[in-house]
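Residue numbers (this note's numbering): 477 to 690. Ideal Cβ positions, reconstructed from N, Cα and C, are used throughout, including at glycine.
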Amino acid sequence: MKRRELLSGLLAVPAVPIVAMARPEALTTRKAIFEEVGDEVRMSLDVSSLIRARDTDALKSIDSSFDTTLRYSMRVWEYGTREMVTSRVVVVKIRRDPWKKRYVVSRRGEAGWTKRFFAKREAAVAAATSLTRQKIANVGQLERTEEGGPYYFVELLALRNPIDDPADKDARARGRGGGRDLEWFSRLVDTLAGERARAEKVVHIRTNPFYLVP
């Protein structure tokens with residue numbers, strides 16, 4: 477299995493305006509690490525702002541033994557276009573098991589649910605709010621050229637205890653005609669209407685650009 481880190485960073489990116497997202501200037505850019513592992517592109521990104529150490533209500537909720545649900549919606553966009561390459565969703569649940577006196581972090585991905593157990597709440601929260609080598613795309617979905625590029629970035633919408641389910645909206649958009657332009661327009665309308673997402677906590681960011689190494 478081959479593994480190589482993909483080139484990333486703003487200095488390597490040409491001066492092309494980003495038009496792929498509605499109001500991109502409103503999104504904070506956060507540093508992510510991208511890797512090519514076999515036929516997969518993976519991303520590592522810290523999203524600790526979803527549950528901050530000083531957020532006593534969120535921490536008490538975890539200790540109450542009820543699930544706190546974290547939903548990560550990731551969209552890969554081609555830089556400088558309105559082309560969404562692919563998207564995927566990861567759901568994470570975190571709670572304290574009062575009987576075994578430990579914290580449980582459950583994660584649902586393509587292979588179903590997996591569980592990890594932690595003695596300390598801090599470690600469990602760190603695991604739940606980290607996307608570590610998370611698959612974001614297949615290599616075949618991206619282009620590779622000898623001179624480098626095209627460039628891509630990931631838009632992440634992270635929700636803590638979401639009220640609405642953005643996946644339903646995405647599924648409806650993909651099921652109707654119009655394809656990527658419809659998806660972009662739908663997101664533009666949602667953002668302008670102030671109905672992008674509803675949850676206890678919303679983190680909406682984009683990553684630094686990256687490209688496949690020639």
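Residue from the options whose Cα sits closest to the Cα of residue i
| i | options | result |
| --- | --- | --- |
| Leu635 | Arg547, Thr562, Val580 and Arg571 | Arg547 |
| Ser582 | Leu526, Val601, Pro574 and Asp515 | Val601 |
| Asp539 | Ala508, Tyr579 and Glu516 | Tyr579 |
| Lys611 | Thr505, Ser549 and Pro626 | Ser549 |
| Val565 | Glu631, Pro690 and Phe510 | Glu631 |
| Ala675 | Leu633, Trp553, Lys577 and Phe593 | Leu633 |
| Arg518 | Lys591, Ala508, Thr605 and Ile527 | Ala508 |
| Ser603 | Lys577, Pro685, Arg558 and Ile527 | It is Ala, not Ser, that sits at residue 603 in the sequence shown. Comparing Cα-Cα distances from Ala603 to each of Lys577, Pro685, Arg558 and Ile527, the minimum goes to Ile527. |
| Arg609 | Ala599, Gly514 and Arg597 | Gly514 |
| Glu598 | Ala529, Thr504 and Gly625 | Ala529 |
| Phe594 | Phe686, Lys577, Arg558 and Glu559 | Lys577 |
| Leu607 | Ala587, Phe510 and Lys677 | Phe510 |
| Gly625 | Lys596, Thr504, Pro685 and Lys591 | Pro685 |
Local Cβ density within 10 Å of residue i, reported as buried at 16 or more and exposed below that
| i | result |
| --- | --- |
| Gln617 | exposed |
| Val589 | The sequence given here places Trp at residue 589; Val does not occur at that position. Trp589 should be labelled exposed. |
| Pro574 | exposed |
| Glu512 | buried |
| Glu728 | An answer regarding residue 728 cannot be provided, because it is not within the stretch 477 to 690 covered by the chain. |
| Thr683 | buried |
| Gly556 | buried |
| Ala458 | Residue 458 cannot be examined here, being either before or after the span of the chain that is shown, 477 to 690. |
| Pro690 | exposed |
| Glu586 | exposed |
Anticipated Cβ contact below 8 Å, residue i with residue j, distance rounded
| i | j | result |
| --- | --- | --- |
| Leu521 | Arg620 | Wrong, their Cβ atoms sit about 22 Å apart, outside the cutoff. |
| Thr681 | Arg506 | Residue 681 is actually Ile in this sequence, not Thr. At roughly 5 Å, the Cβ-Cβ gap stays under 8 Å, so Ile681 and Arg506 are in contact. |
| Glu516 | Asn614 | 6 Å |
| Tyr628 | Val561 | 7 Å |
| Val679 | Ser525 | 6 Å |
| Val523 | Thr605 | 5 Å |
Residue-level contact to chain D via CB, residue i, 8 Å cutoff
| i | result |
| --- | --- |
| Thr621 | You won't find chain D in this structure, because it holds only one protein chain. |
In chain order, each beta strand (DSSP E) run of at least 3 residues that lies wholly inside the stretch 521–602:
Qualifying beta strand (DSSP E) stretches, in chain order: 544–554, 560–573, 578–585 and 588–594.
Would you call the stretch 532–548 and the stretch 567–574 touching, i.e. three or more CB-CB distances under 8 Å?
Yes, the stretch 532–548 touches the stretch 567–574.
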